[in-house]
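S.K.: Structure incoming, see below.
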Amino acid sequence: MSKHDFRGGVLIENPYPLNQLSVVEVPPPKKAIYLLKQREGASAKPKVKVGQKVKVGQVIAVSNNDYCVPMHSSISGVVSAIDDQPIAHSSGLKVPSISIESDGKDDWISLKGCGEEVDKCTPDEIIEKIRNAGIVGMGGAGFPAHVKIKGAQGAKTIIINATECDPATLCDDALMRKYPEEIIKGIEVLMYACQSQKAIIAVEEDKVDAIIKLNQTIKNKNICVEAVPIKYSTGAEKLLIKLLLDKVIPTGSFASSSGVLCQNIATVKAIYDAVVIGKPLVSRIVTVNGSALKNPSNYEVRIGSSFSDIVKKSKPSANPHEIRVGGMMMGVDVPDKNYSICKITSSIIVDEIKIKQKESACIRCSKCNEVCPINLLPQQLFWFCKSDNTKKASSYDLQDCIECGCCSYVCPSHIPLVEYFQYGKALVKKELREQELAAKSRERYEFKEFRLDRIKQERDKMMAEKKAALKAKMAKEKDNKAKIAEALKRVNDKKK
Amino acid sequence: MLNEYVLILVSTILVNNFVLVKFLGLCPFMGVSKKVDTAIGMGFATTFVLTLASLSSYVINKYILVPFEIEYLRTIAFIVTIAAVVGFTELVVNKTSPVLRQSLGIFLPLITTNCAVLGVALLNVTENSSLLASGLYGFGAAIGFSFVLVLFSALREKIEGADVPLPFKGAPIALITAGMMSIAFMGFIGLA
Amino acid sequence: MITGKPILNTSNLMLQVIYGLILGVALQFYFFGWGVIYQITLALITGIAAEIIFLKIRKKSIDVIKDNSAALTAILLAISIPSIAPWWIVVLGTSFAIIFGKQLYGGLGSNPLNPAMLGYAFLLISFPLEMTRWTSSFLSFGEGLNVIFSSINIDALSSATRLEEAKFALMEGEVFNPIQIDQTVWINLGFLFGGVYLFYKKVITWQIPLSFLAGIIVMSALLMLVDSDHAMGPVFHLFHGATMLGAFFILTDPVSSSTTPRGRLIFGFLIGILVIIIRTYGSYPDGVAFAVLLLNIAVPLIDYYSKPKVFGR
Amino acid sequence: MIEAIIVFSIFALLLGLVLGFSAKKFKVKGNPLVEQINSILPQTQCGQCTYAGCKPYAEAIAKGEAKINQCPPGGQEGVDALAELLNVDTLPLNEEHGETKPKHVVEIDEELCIGCTLCIQACPVDAILGASKVMTTVIASECTGCDLCIPVCPVDCIYLIDLKPSMDEYVPNMEKVTNV
Chain A
1138 MSKHDFRGGV LIENPYPLNQ LSVVEVPPPK KAIYLLKQRE GASAKPKVKV
1188 GQKVKVGQVI AVSNNDYCVP MHSSISGVVS AIDDQPIAHS SGLKVPSISI
1238 ESDGKDDWIS LKGCGEEVDK CTPDEIIEKI RNAGIVGMGG AGFPAHVKIK
1288 GAQGAKTIII NATECDPATL CDDALMRKYP EEIIKGIEVL MYACQSQKAI
1338 IAVEEDKVDA IIKLNQTIKN KNICVEAVPI KYSTGAEKLL IKLLLDKVIP
1388 TGSFASSSGV LCQNIATVKA IYDAVVIGKP LVSRIVTVNG SALKNPSNYE
1438 VRIGSSFSDI VKKSKPSANP HEIRVGGMMM GVDVPDKNYS ICKITSSIIV
1488 DEIKIKQKES ACIRCSKCNE VCPINLLPQQ LFWFCKSDNT KKASSYDLQD
1538 CIECGCCSYV CPSHIPLVEY FQYGKALVKK ELREQELAAK SRERYEFKEF
1588 RLDRIKQERD KMMAEKKAAL KAKMAKEKDN KAKIAEALKR VNDKKK
Chain B
334 MLNEYVLILV STILVNNFVL VKFLGLCPFM GVSKKVDTAI GMGFATTFVL
384 TLASLSSYVI NKYILVPFEI EYLRTIAFIV TIAAVVGFTE LVVNKTSPVL
434 RQSLGIFLPL ITTNCAVLGV ALLNVTENSS LLASGLYGFG AAIGFSFVLV
484 LFSALREKIE GADVPLPFKG APIALITAGM MSIAFMGFIG LA
Chain C
8 MITGKPILNT SNLMLQVIYG LILGVALQFY FFGWGVIYQI TLALITGIAA
58 EIIFLKIRKK SIDVIKDNSA ALTAILLAIS IPSIAPWWIV VLGTSFAIIF
108 GKQLYGGLGS NPLNPAMLGY AFLLISFPLE MTRWTSSFLS FGEGLNVIFS
158 SINIDALSSA TRLEEAKFAL MEGEVFNPIQ IDQTVWINLG FLFGGVYLFY
208 KKVITWQIPL SFLAGIIVMS ALLMLVDSDH AMGPVFHLFH GATMLGAFFI
258 LTDPVSSSTT PRGRLIFGFL IGILVIIIRT YGSYPDGVAF AVLLLNIAVP
308 LIDYYSKPKV FGR
Chain D
83 MIEAIIVFSI FALLLGLVLG FSAKKFKVKG NPLVEQINSI LPQTQCGQCT
133 YAGCKPYAEA IAKGEAKINQ CPPGGQEGVD ALAELLNVDT LPLNEEHGET
183 KPKHVVEIDE ELCIGCTLCI QACPVDAILG ASKVMTTVIA SECTGCDLCI
233 PVCPVDCIYL IDLKPSMDEY VPNMEKVTNV
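Protein chains in written order, with the working numbering: chain A, 1138 to 1633; chain B, 334 to 525; chain C, 8 to 320; chain D, 83 to 262.
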């Protein structure tokens, strides 16, 4: 397998092994908050009003934008508020949200799926069902699943990503143990929807039980399980494709353009629910983990549940905590637990507060370059991002950074390199945005000038014409007057 | 013979570098070294001017000044020649690369007063070298100038991101760096 | 690929380099006596004091002194200068290296040139006499003190280095035996051993030392072929002068050397070539310091044009 | 003496001829500099620089009539960028022309608007829609925040709206990033 290995990467042992690997099912919460914008881009618009009664699985927000999927209620109850709530994003900003108070009944809408015989539906219908079920990539990026599938029609290979992509996150492992049949069926649905011939499930080689379970379940000879090395950042889509298929997806293009579709394994399970059963995405498995917890575990929770409720189940210590959402490597630090579970929340790490190592000067030892899976020069990028030199940073391919955090992890100077790169990237984006805006206003300004000029010219022309007409008229009148005068003169002469 | 020409080049580019060893042409060296792209452009322009100026001043010296015994007008004649060459270069640069003209700014016409250019022309005459030798001398001096200019500009681009103490920011640290480059170039002493 | 969290941090990295120097310094002490120790002590005191004073003036935290980089610079400079040089030489050189070479650029990580070599070149240019008087005999505790702190006539003690001897011999057309194991060879072997230790500890990468040594071998062999009157041959060059110290401890200063894998090969190789050229034809006996500084200047350009191929591009 | 003067004059004349000839041959039309300056300016068209828009200001800078520090929306960064382009020393932003305000747009209170269309005429980028005696509205995505419509409104019904920070436009704070 490893003959196609990509360069770089780090081997990280999970610092917080779980005591139990089974999934703990959490009953529906008393109150759920649904964030209508879970990733950058458009946000869904509420379709319900405050006070309205909703059932589980009812659509509560929609969007016209194809890159924005609908949101469903995960509990039955009454809409209690439509306002802005904080999101677990590095910006710490609030986004539009809908809050629903439970009536304690867990009343579902009636579910209507295609059933086990998927080929009764056309691939387009399946894709539509996936969209309507509100499914996004559940590994962390949250890219709408239906867009990806639509773009990968006729893809030769489908890769099911079950590599977790983070040492402390184990939700995919738990999912594979609990729902092997659903996953395999989901893969078949996906293969049918894309008209693909082959699917590979990529599982880290230390998840032995999961591999055995999946292998026992697979009846289709076109689906196989591949054990991949437990090297961190293997889960990144393009790197996984390199590892499994020895294909390099060029910068700026999607895997689908090379005939590959890559989907997270939790997404596949959600696709099964949506297509076969007709159940929208209302729950997911979240790993709750960290040094401050007595009983870290995987929980199957409803979307919109609050962090603190779930963390409480893992018996956190009484001390203040450090909380990180979305994995120990690529996640974001958040100030408290006042957030709600999104579709992309794969893990919550609750740690005792550690003294953060202070950053010292970069000595360009190039350890970061050695581990960078993209072969960037983080030491150079750091220098230029730090001094806001976006032009230079871009010339060192800042945009290619996948923010995996390998460089920050090995840096002997404890420099939060990835954060610098996120800063640099945001700056580049801001500059681009401003340039675009300026170009647009400039165009409109020039058009207005042109328009005013045209109006002026037209008016001038009109005025000139009017003047000419008036002149002609006056001349005519003069002529007439002269004629009259002449006639009068003639009359007078005659009189004389 | 060939050996001699190689020696001229090595000497002008490295050992007796006009900027770092003879301290000529410091004005554009400090002025046009903020960005590598500009420095490369300036390097080309200076190379063109210097080579052409040293060749034409040789011709003027040999065929006008000496026959008519007006060597005492040498400096003026050379300055006029250089000004003409620079004017010509400016026109060419204007036409071919407006961006370069913009980034060179005032420093393009200022090549006229670049002491390295006049220095090369006058040194050639005092050393009584041949046409080819004076051309090579001018060319070598210009390559040496461009070479250190580009190196220096790349260094400055990097230093710009450094946390330099406030009183030393900008020109002071650049001058200090230039001095250090001078120290490094001392290593070539004795080579030619 | 790196397994687990690497234990090294920046100050530890510097400390490892200092450990690597121990054997070579011990050999220097064995041959030249207490002068070596005095120079190192003086340099350490001056270097750290200069850094602290500068940071105090800038009102910055003096915590960075713990990164050991000032100490390393001081030691490298001290072991490069003659052990019988007067005290003010090392004090002047170290303070110049720390202040002009490093702190004026904003401290560790920002200096474009190798501070120790900058200090050395500065001293060599300004005080050529003091900087080229070497000793070949062991100085006792008291002798060392006398030589360094009082300006007694030290001509009796001093002798030329083998590099200089070789140059004179070749100039005069005398027979010179390049293969002769003397003190410098032993010291070079000591630093070679220290370099292997650094490599084993993953403090340095192989590119710079190997390409530097390759540059030395290639260039000196080439000169043997075309200009055998002046050339001394690869074996002589490898084990004389500051070759091994340079290869493993000076060129490998990560801050001022090239940072890309390919760039490091170019960097080391060109320094090797320059060192031989300066040793053979230049006015100064050894060329490591100047060659390093010259290539330091070119590092930003080398780095930019030797970027590794980015995945997906 | 006479000889020297004659020789020198001929020599100078020859050089002059060469230059004159090449000036004709390498003639450039237009001034590419204006374009470059204009591309740095923020295109708010606010006229705070005392020129009628960004392009006239760019022309004035190119001619050397205006200083580079008269554009408040471009901020100090804009002045620095101009200084770099023109290879001159940078200047502090001239406060006389106003302060750099945070990014904003305007909104018309549609209840109060009397439909006088004065703002439509004042808007340099045609970002206000409406017709005589009907309600008028601002297309927020086209508004540059030049505020030129505010003083002309007879009923003072145009307000500044600060743009809400959005996740998509978030730039981390450098002080938060560094950990020294």
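Backbone N, C-alpha and C fix where the C-beta goes; we use that ideal spot for every residue, glycine too. All values reported here derive from a predicted model rather than from experimental measurement.
Please name the residues in the region 1519-1530 of chain A whose beta-carbon is closer than 8 Å to at least one beta-carbon of chain B, in chain order.
M.R.: From the region 1519-1530 of chain A, only W1520, F1521, K1523, S1524, N1526 and K1529 have a Cβ closer than 8 Å to chain B.
S.K.: Quick one: which residues of the region 1373-1407 of chain A get their C-beta closer than 9 Å to a C-beta of chain C? List them in chain order.
M.R.: Answer in chain order: K1375, L1376, K1379, V1385, I1386, P1387, T1388, G1389 and S1390.
S.K.: From I1367 (chain A) to G1441 (chain A), what does the alpha carbon distance come to, in whole angstroms?
M.R.: Against the first sequence, residue 1367 (chain A) aligns to sequence position 230. Against the first sequence, residue 1441 (chain A) aligns to sequence position 304. Their backbone Cα atoms lie some 32 Å apart in a straight line.
S.K.: Sort out for me which residues DSSP pairs A1169 (chain A) with in a bridge.
M.R.: Taking the first residue of the first sequence as 1, we reach residue 1169 (chain A) at position 32. Note: A1169 (chain A) sits in a beta bridge opposite A:I1237.
S.K.: According to DSSP, what are the bridge partners of I1486 (chain A)?
M.R.: Translated into the one-based positions of the first sequence, residue 1486 (chain A) becomes position 349. According to DSSP, which records beta bridges pairwise, I1486 (chain A) is partnered with A:N1426 and A:R1461.
S.K.: Show which residues of chain C have a CB atom less than 9 Å away from the CB atom of V497 (chain B).
M.R.: By 1-based counting over the second sequence, the position of residue 497 (chain B) is 164. Here the neighbours are L111, Y112, G113 and S117.
S.K.: In three-state terms, what does DSSP make of Q1400 (chain A)?
M.R.: The residue you call residue 1400 (chain A) lines up with position 263 of the first sequence. DSSP places Q1400 (chain A) in strand when its eight states are reduced to three.
S.K.: Determine, for M83 (chain D), whether the minimum Cβ-Cβ distance to residues of chain A falls below 7 Å.
M.R.: Here the question's residue 83 (chain D) lines up with position 1 in the fourth sequence. For M83 (chain D), the answer is no, since every Cβ of chain A falls outside 7 Å of its Cβ.
S.K.: Quick one: list the residues of chain B neighbouring L97 (chain D), beta-carbon separation under 8 Å, in chain order.
M.R.: On the fourth sequence, position 15 is the one that residue 97 (chain D) refers to. By Cβ distance, chain B contributes V413, T414 and A417.
S.K.: Within 7 Å (strictly less), CB to CB, does A517 (chain B) reach chain C?
M.R.: As a first step, residue 517 (chain B) must be located in the second sequence, where it is residue number 184. Yes, A517 (chain B) lies at the interface with chain C (some Cβ there is under 7 Å from its Cβ).
S.K.: Listing by chain order, which chain A residues have their CB less than 7 Å from the CB of K314 (chain C)?
M.R.: Mapped onto the third sequence, residue 314 (chain C) falls at position 307. Under the 7 Å cutoff, chain A gives L1514 and Y1533.
S.K.: Taking K63 (chain C) as the reference, which of B:V425, B:T345 and B:P498 has the closest Cα?
M.R.: Numbered from its first residue, the third sequence carries residue 63 (chain C) at position 56. Residue B:P498 is the option with its Cα nearest to K63 (chain C).
S.K.: Counting only the same chain and skipping the five closest in sequence on each side, list residues whose C-beta sits under 6 Å from that of M8 (chain C).
M.R.: Sequence index remark: in the third sequence, residue 8 (chain C) carries index 1 (1-based). For M8 (chain C), the predicted structure reports a pLDDT of 39, less than 50, and the residue's modelled location is therefore unreliable. A value from the coordinates is still provided. No residues qualify anywhere along the chain.
S.K.: Does the beta carbon of M363 (chain B) come closer than 7 Å to any beta carbon on chain C?
M.R.: Translated into positions along the second sequence, residue 363 (chain B) becomes position 30. False, the Cβ-Cβ gap to chain C never drops below 7 Å.
S.K.: Looking only at C-alpha atoms, which of A:I1295, A:I1264, A:P1304 and A:Q1332 sits nearest to A1339 (chain A)?
M.R.: Here residue 1339 (chain A) is taken as the residue at index 202 of the first sequence, counted from 1. Checking every option, the nearest Cα to that of A1339 (chain A) belongs to A:I1295.
S.K.: Is the number of C-beta pairs between the region 1557-1569 of chain A and the region 1518-1526 of chain A that are closer than 8 Å three or more?
M.R.: Enough Cβ pairs lie closer than 8 Å, so yes.
S.K.: With DSSP as the reference, identify every bridge partner of D244 (chain D), one or two as the case may be.
M.R.: For the purposes of this step, residue 244 (chain D) is taken as the residue at position 162 of the fourth sequence. D244 (chain D) is bridged to D:H186.
S.K.: From which residue to which residue does the alpha helix (DSSP H) around Y139 (chain D) run?
M.R.: Against the fourth sequence, residue 139 (chain D) aligns to sequence position 57. Per DSSP, Y139 (chain D) belongs to the alpha helix (DSSP H) from C136 to K145.
S.K.: For the alpha helix (DSSP H) that C1331 (chain A) lies in, which residues bound it at each end?
M.R.: Indexing the first sequence from 1 puts residue 1331 (chain A) at position 194. Element bounds for C1331 (chain A): P1317 to C1331.
S.K.: Assuming K1315 (chain A) contacts V1160 (chain A) (C-beta within less than 8 Å), just tell me the rounded distance between them.
M.R.: Numbered from its first residue, the first sequence carries residue 1315 (chain A) at position 178. Numbered from its first residue, the first sequence carries residue 1160 (chain A) at position 23. Confirmed, Cβ separation roughly 5 Å.
S.K.: Indicate whether at least one CB of chain A lies closer than 7 Å to the CB of V494 (chain B).
M.R.: Here residue 494 (chain B) is taken as the residue at index 161 of the second sequence, counted from 1. Checking the sequence shown, residue 494 (chain B) turns out to be Gly, not Val. So yes, G494 (chain B) belongs to the interface.
S.K.: Among residues of its own chain, excluding the 5 on either side of G1188 (chain A), which ones have a beta-carbon nearer than 7 Å to its beta-carbon?
M.R.: As a first step, residue 1188 (chain A) must be located in the first sequence, where it is residue number 51. Result list for G1188 (chain A): V1215 and V1216, in chain order.
S.K.: Give me the Cα-Cα distance between K1242 (chain A) and R1439 (chain A), rounded to the nearest whole angstrom.
M.R.: Locating residue 1242 (chain A) in the first sequence gives position 105, where the first residue counts as 1. Locating residue 1439 (chain A) in the first sequence gives position 302, where the first residue counts as 1. Rounded to the nearest angstrom, the two C-alpha atoms are 14 Å apart.
S.K.: Would you list the one or two residues that DSSP bridges to M1208 (chain A)?
M.R.: Translated into the one-based positions of the first sequence, residue 1208 (chain A) becomes position 71. DSSP output for M1208 (chain A) lists A:A1198 as bridge partner(s).
S.K.: Using C-beta distances below 7 Å, list every residue in its chain close to W1245 (chain A), excluding the 5 sequence neighbours before and after it, in chain order.
M.R.: On the first sequence, residue 1245 (chain A) is found 108 positions in, with the first residue counted as 1. Once the five neighbours on either side are set aside, the close Cβ partners of W1245 (chain A) are K1192, V1193 and G1194.
S.K.: Let me make sure I understand the geometry here. Which of A:K1504, A:S1180, A:S1420 and A:A1225 has the alpha-carbon closest to that of K1107 (chain A)?
M.R.: Because chain A here runs from 1138 to 1633, residue 1107 (chain A) falls outside it and cannot be looked at.
S.K.: From the DSSP output, in three-state form, read off K1190 (chain A) for me.
M.R.: The residue given as residue 1190 (chain A) occupies position 53 in the first sequence. In this structure, K1190 (chain A) counts as strand in the three-state DSSP scheme.
S.K.: CA-CA distance, A163 (chain D) and A507 (chain B)?
M.R.: On the fourth sequence, position 81 is the one that residue 163 (chain D) refers to. On the second sequence, position 174 is the one that residue 507 (chain B) refers to. Answer to the nearest angstrom: the Cα atoms are 20 Å apart.
S.K.: Give the straight-line distance between the Cα atoms of G114 (chain C) and D496 (chain B), rounded to the nearest whole angstrom.
M.R.: Along the third sequence, read from residue 1 onward, the residue named residue 114 (chain C) stands at position 107. Along the second sequence, read from residue 1 onward, the residue named residue 496 (chain B) stands at position 163. When rounded, the distance between both Cα atoms is 8 Å.
S.K.: Using 7 Å as the threshold, is the C-beta distance between I190 (chain D) and C136 (chain D) below it?
M.R.: Within the fourth sequence, numbered from 1, the residue matching residue 190 (chain D) stands at position 108. Within the fourth sequence, numbered from 1, the residue matching residue 136 (chain D) stands at position 54. No, the pair does not count as a contact, with Cβ atoms beyond the cut-off.
S.K.: With contact counted as at least three CB pairs below 8 Å, one residue from each stretch, are the region 477-486 of chain B and the region 300-309 of chain C in contact?
M.R.: At 8 Å Cβ cutoff, the stretches touch.
S.K.: Is any beta-carbon of chain C found at less than 7 Å from that of I522 (chain B)?
M.R.: Position 189 of the second sequence, counted from the first residue, corresponds to residue 522 (chain B). Output row for I522 (chain B): interface = yes.
S.K.: By the 10 Å Cβ neighbour count, where 16 or more other Cβ atoms means buried, how is G149 (chain C) classified, buried or exposed?
M.R.: By one-based count along the third sequence, residue 149 (chain C) stands at place 142. So G149 (chain C) ends up on the exposed side.
S.K.: With a threshold of 6 Å on Cβ separation, who are the neighbours of V295 (chain C) within its own chain once the five nearest residues in sequence on each side are excluded?
M.R.: The sequence position of residue 295 (chain C) within the third sequence is 288, counting from 1. Correct list, in chain order: A249, G253 and V282.
S.K.: Name the residue from A:R1461, A:V1419, A:I1422 and A:V1487 whose alpha carbon lies nearest to the alpha carbon of K1449 (chain A).
M.R.: On the first sequence, position 312 is the one that residue 1449 (chain A) refers to. Answer by Cα proximity: A:V1487.
S.K.: Out of B:P361, B:S389, B:L455 and B:S344, point me to the one whose CA is closest to C479 (chain B)'s CA.
M.R.: As a first step, residue 479 (chain B) is located in the second sequence; it is residue number 146 there, counting from the start. Here residue 479 (chain B) is Ser; the residue named in the question, Cys, does not match the sequence. The candidate whose alpha carbon is nearest that of S479 (chain B) is B:P361.
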